[in-house]
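Using numbering that gives the first Met the number 0, the letters of the sequence shown map in sequence onto residues 0 to 124. Backbone N, C-alpha and C define an ideal beta-carbon position, used for all residues, glycine too. Please read these numbers as outputs of a predicted model, since none were measured by experiment. Before any comments, here is the structure.
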Amino acid sequence: MKTVKQIGIWMDHSTAFLLELKDDAILHSTIVSDFTHQDKELSLSKSEKLMHNKEQGFQSTYYKKIGDSLRNYQEVILFGPTDAKNELANLLKAEHFFDKIKIEVQDSDKMTESEMDDFVKEYFK
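Below, the structure written as structure tokens:
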């Protein structure tokens, strides 16, 4: 019997909490965007266009890191309070590598670590 590798990701535009479900336990890891408030302030002081371009570059790198971490899973649930989860899902669906990975998106509020754990366990139950 083959084990299905499952992961839940609570994310917004700056932080992704990866919650791998393994033997009814949750393994935690985090990916953080490199675009800081200081970068935003510095870029914005030069020009708004520069700030948006810089932010898009960092966002693309952030989403790529998350996508790379999902390559070994068969089922993924993306959840969180912002549109970041939808943006990532659209990027992943555009890459044919992710065609065989079941990726779903659900809205959720801000959550504590234990609430995230419970959400992922309940989702994959």
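Check, Outcome
"Using 8 Å as the cut-off, can you tell me whether the segment 94-106 makes contact with the segment 18-36, which would need three or more C-beta pairs spanning the two stretches below that distance?", "no"
"Between Tyr129 and Lys4, is the Cβ-Cβ spacing less than 9 Å?", "Absent from the structure is residue 129, since the part of the chain shown begins at 0 and ends at 124."
"Under a Cβ-count criterion, where at least 16 other Cβ atoms within 10 Å of its own Cβ denotes burial, should Val75 be classed as buried or exposed?", "buried"
"Go through its chain and collect everything with a Cβ distance to Leu91's Cβ below 7 Å, but skip five positions before and after it.", "Gly66, Phe97, Ile102"
"When you compare only the Cα positions, how much space is there between Leu20 and Ile8?", "11 Å"
"Less than 9 Å between the beta carbons of Lys64 and Ile30, yes or no?", "yes"
"On a Cα-Cα basis, can you pick out the residue from Ser13, Asp11, Leu18 that is closest to Ser68?", "Leu18"
"Excluding the 5 residues flanking Gly79 on each side, which residues of the same chain have their C-beta closer than 7 Å to its C-beta?", "Trp9, Met10, Asp11, Ser107"
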